[in-house]
Amino acid sequence: MGMIKNFFNKSIEDNKYPFGSKECASFLREAYKNSIDETIILTEDIYEKLQRYDEINETLGKLDLEKKTIEHFLQNEMKEYETAFCKERKITWKPVQKNTLDTKSIKKYEPEIASKYSKISSTRMFKIY
26 MGMIKNFFNK SIEDNKYPFG SKECASFLRE AYKNSIDETI ILTEDIYEKL
76 QRYDEINETL GKLDLEKKTI EHFLQNEMKE YETAFCKERK ITWKPVQKNT
126 LDTKSIKKYE PEIASKYSKI SSTRMFKIY
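Under my numbering, residues 26 to 154 are what the sequence shown spells out, in order.
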């Protein structure tokens, strides 16, 4: 794995797979899928990135609220209508049906079937506190 990580680090430097890209995310998930149950102390210069991360999250939260406010306003303007036009823009708000399985009931009333068709997947959850 060391050679792969070195290749990836070189690719990052050459901007082939820059941080933030899908390729980078894929590589990081695969390269570091196995974790070590220990703690690492990161260097203090990384703290600026954490502060910027917090600023971005705050801005995204405000933008998301503004976006939802506009969506709700438009839905209220459309009322029961499925399609609306405003100048060259088309807006749709149509019913969509979705067929789902009630896994809670299957587990309760048919535990053998639930167990037979259940899959366990593993991933690493990334959180910043």
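Each residue gets a CB set at the ideal place from its N, CA and C atoms; glycine is no exception.
With respect to the 8 Å criterion, residue 71 and residue 99 are not classified as neighbours on the basis of their beta carbons. Residue 153 is a Cβ neighbour of residue 75, given a cutoff of 8 Å.
Under the three-state reduction of DSSP, residue 58 is assigned to coil, being neither helix nor strand. As computed with DSSP, residue 44 is found in no beta bridge at all. Secondary structure of residue 128 (DSSP, three-state): helix. Under the 10 Å beta carbon count, residue 78 is surrounded by fewer than 16 other beta carbons and is classified as exposed. A buried status is given to residue 42, since no fewer than 16 other beta-carbon atoms sit within 10 Å of its beta-carbon. For residue 114, the secondary structure class from DSSP, reduced to helix, strand or coil, is strand. Assignment of beta-bridge partners to residue 108 by DSSP yields 117.
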